[in-house]
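Its first residue numbered 0, the sequence shown is counted upward by one per residue in numbering that gives the first Met the number 0. Positions of the beta carbon are idealized from the N, C-alpha and C atoms, including for glycine.
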Amino acid sequence: MEAIRQFNLRLVDRHWFYRLLEMVPGVATWLFLLSPVILSVFNPLVVAYFIIAFDLFWLIKSFRLSTNLLRGYSRLYENQQVDWAERLRDLQDLPGAVRRYEASLKGILEQHPNAASRLNFGSARNDYLKRLARYKELSELTDRKQAVIDPRELYNVVIIATYNESREILEPTIKALLDSDYDPKRLMLVLAYEERGGEKKAKESIELIEEYGPQFAYAVAIKHPDGLPGEAKVKGANMSYAGRRLTEYITEQQIDPENVIVTTLDSDNRPSPNYFSYLSYAYATNVNRVRKSYQPIPMFLNNIWDVPAPMRIVATGNSFWMIMEAMRPHRLRNFAAHAQSLKALIETDYWSVTSIVEDGHQFWRTYFTYDGDHEVVPLFTPVYQDAVLAKGYFKTFRAQYVQLRRWAWGASEFAFVVKNSITNKRIGRLDKLAQIWRLFEGHFSWATSPLILTFVAWLPLYLNRNFASEDILAHQLPIIVSRILTITMMGLLITIFISLLSLPPKPPRYHRARFITMVLQWALVPVVAILFGAFAAIDAQTRLMFGRYLDWRVTEKVTKL
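Listed below in structure tokens is the structure:
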């Protein structure tokens, strides 16, 4: 066994082995896409049965995803109605909070004796059940009071990474922090800007801190020097530099890093008013808080009325995908805005200074640092972001494609995860295999499913004349597939309905007829899924397969007034 372990350690350190692992996603994708073409010529019957089974699988999957979307949106709505600031105050005096809820339950029963009965479904019973659930929660927290952090000891830090975004993009984000229901004197702001952004960016960053900084507990603009050894030109390098400077300040102030929660935001990210209270409550009451990441729901709705229809589909689809993933926490990974303990960031050496997908990569770095004892806690509250909008349609389409290709570069994590899974023997084998499979399957499905669903049913009919002329299944196949996909698309009605509910108020510059386009745009789903979904993922995996590594590119952001 020791000989095998030593062999594995030598193997994973070889550059050729890591390159082989990097090639796996792209090779698997291309083999899978080419197989129906080849088999349609030599064994079309296999293709016919395969595509029927594949479509039935997606029929089941679509119903499950639609169910998760409905449940997730309902939880998002419910949590927006919760007064998280009040819940934080309850943590300051748990025994007192328990007594208050106990008294309120008795008061309801005195006024409505049947409130606790299943025969009474009135508002009194609903209020009683909510208070009862809260009473039980507070009682449980009181039993383990020593593990709960007093919120008056917590600090929330926001690191906003910026490169060349204008003040018009940044300022609303800072204002959104101050509009929170969280005490700004427990909130710190770090504006991390790049030296390569130029003097104008440096001046704007300093001006914003001078104007808004006094309202925070601490605020600073930190310039990330260009060309530091070992760094690539990526966002993680900027955030890590700022994180180290932040740690110096926290140490000087003699604040426990475990009592500091760090949220990373892009320049256009605007947290909902209850975000910091919700996050603080989730963090303070979690026994294993340091080894968790906290993921709000990114909602790309800031400028949804302004962007072209394909970008609206992409933005809404991405928002809803995160809602669905939040209902499956075992699959959830850090994405865009997310939070971690400063103590965890110190122990993981902050963020990657070389990866262009620093958010997802941070999950894996933390996962292996803590020997698998790490997971993402979903927060059902939105962080509003911009959909892609550049100057002109062509630039917007190109910027959207480049952004999605960068996200799809997460396939590069496969090599990193497999390598570390081989060397880390402290994580259970089944856990590692499950994590590898979820990572692989997600990117594989992203690249292949839209093309398989759209085109494969027709291949045997056009590529094999004998099959087309002799087998009745050849002519029935497109019809069968079409009917299955028609039923599958029923889930799209749920998506359309929730998308209309999620829309922010319509800007006065648009006519009411704009609502019609918000419905008709969904006819573009198959085209958008292929052009901006499958093609972007295939592009990323193919580049990775041939060692043509992507560079970090900032997504252009413009605003319409």
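Beta-bridge pairing of residue i - partner residues as DSSP gives them
{"i": "S340", "result": "I260"}
{"i": "D265", "result": "A160"}
{"i": "H223", "result": "E193"}
{"i": "N155", "result": "L186, I260"}
{"i": "A218", "result": "L188"}
{"i": "P270", "result": "V382"}
Run of the beta strand (DSSP E) containing residue i, from where it starts to where it stops
{"i": "Q294", "result": "291-298"}
{"i": "F334", "result": "From DSSP, F334 is part of no beta strand (DSSP E); its letter is neither H nor E."}
{"i": "V375", "result": "374-383"}
Residue from the options with nearest C-alpha to residue i
{"i": "H337", "options": "E85, K60, A160, V527", "result": "A160"}
{"i": "M489", "options": "F62, S39, P43", "result": "F62"}
{"i": "I435", "options": "T453, T447, F454, F413", "result": "F413"}
{"i": "L452", "options": "I483, G212, S103, P228", "result": "I483"}
{"i": "R437", "options": "H329, N125, W350", "result": "H329"}
{"i": "W408", "options": "D372, S448, E357", "result": "E357"}
{"i": "F299", "options": "L523, D54, S501", "result": "S501"}
{"i": "L549", "options": "R404, L32, H14, I303", "result": "R404"}
{"i": "Q80", "options": "K135, L523, K129", "result": "K129"}
{"i": "A308", "options": "G359, Q399, A283", "result": "Q399"}
{"i": "I168", "options": "S444, K200, Y127", "result": "K200"}
{"i": "V189", "options": "Y181, K222, K202, D182", "result": "K222"}
{"i": "R133", "options": "T365, V97, R166, S165", "result": "V97"}
{"i": "P504", "options": "W363, I303, I515", "result": "I303"}
{"i": "A220", "options": "V233, P35, E210, Y192", "result": "Y192"}
{"i": "I31", "options": "V375, T447, E101", "result": "Checking the sequence, you will find Phe at residue 31 rather than Ile. Taking only the C-alpha atoms, the option nearest F31 is T447."}
{"i": "A535", "options": "D82, D182, L450, R143", "result": "L450"}
{"i": "V518", "options": "R311, T395, F415, E440", "result": "R311"}
{"i": "S138", "options": "Y100, R124, D126, E152", "result": "Y100"}
{"i": "I471", "options": "L499, L44, T28, V23", "result": "L44"}
{"i": "D92", "options": "Y509, R13, L264, K144", "result": "K144"}
{"i": "H14", "options": "E324, K418, I158", "result": "K418"}
{"i": "R513", "options": "V526, L499, L523, P525", "result": "L499"}
Presumed contact (8 Å Cβ cut-off) between residue i and residue j, rounded CB distance
{"i": "Q384", "j": "D305", "result": "No, Q384 and D305 are not in contact; Cβ-Cβ is about 14 Å, not under 8 Å."}
{"i": "S271", "j": "T172", "result": "That belief does not hold up - the Cβ atoms of S271 and T172 are roughly 13 Å apart, past 8 Å."}
{"i": "I231", "j": "T353", "result": "Just to set this straight, residue 231 is Ala in the shown sequence, not Ile. With 8 Å as the limit, A231 and T353 qualify as a contact, their Cβ atoms being about 5 Å apart."}
{"i": "L176", "j": "P295", "result": "Rounded, the Cβ-Cβ distance is 14 Å, inconsistent with contact."}
{"i": "F275", "j": "N155", "result": "5 Å"}
{"i": "D225", "j": "E251", "result": "Contact flag wrong, Cβ pair sits at about 27 Å."}
{"i": "F367", "j": "V375", "result": "At roughly 15 Å, the Cβ-Cβ gap does not stay under 8 Å, so F367 and V375 are not in contact."}
{"i": "Y277", "j": "N78", "result": "7 Å"}
{"i": "G359", "j": "R332", "result": "5 Å"}
Residue i vs residue j beta-carbon contact at 8 Å
{"i": "N237", "j": "I148", "result": "no"}
{"i": "M326", "j": "F334", "result": "no"}
{"i": "V387", "j": "S340", "result": "no"}
{"i": "N423", "j": "S39", "result": "no"}
{"i": "V455", "j": "I51", "result": "no"}
{"i": "H442", "j": "A410", "result": "yes"}
{"i": "K342", "j": "P256", "result": "yes"}
{"i": "M544", "j": "V26", "result": "yes"}
{"i": "R166", "j": "V401", "result": "no"}
{"i": "N317", "j": "R269", "result": "no"}
{"i": "I421", "j": "L58", "result": "no"}
{"i": "L458", "j": "V157", "result": "no"}
{"i": "L68", "j": "M323", "result": "yes"}
Test: residue i CB closer than 8 Å to a CB of chain B
{"i": "I497", "result": "Absent here is chain B; the protein component of the structure consists of one chain."}
The alpha helix (DSSP H) enclosing residue i, as first and last residue numbers
{"i": "F531", "result": "It is not in any alpha helix (DSSP H) - F531 carries neither H nor E in the DSSP assignment."}
{"i": "H474", "result": "471-487"}
{"i": "D430", "result": "428-454"}
{"i": "I168", "result": "166-177"}
{"i": "W15", "result": "14-41"}
{"i": "S354", "result": "Segment: none, S354 is in no alpha helix (DSSP H) and carries neither H nor E."}
{"i": "A132", "result": "122-142"}
{"i": "R311", "result": "308-325"}
{"i": "Q253", "result": "Looking at the DSSP string, Q253 is not in any alpha helix (DSSP H), and its letter there is neither H nor E."}
{"i": "D89", "result": "83-91"}
{"i": "T422", "result": "412-422"}
{"i": "T284", "result": "That residue, T284, is in no alpha helix (DSSP H); it is neither H nor E in DSSP."}
{"i": "K199", "result": "198-211"}
{"i": "Y461", "result": "458-462"}
{"i": "R513", "result": "513-519"}
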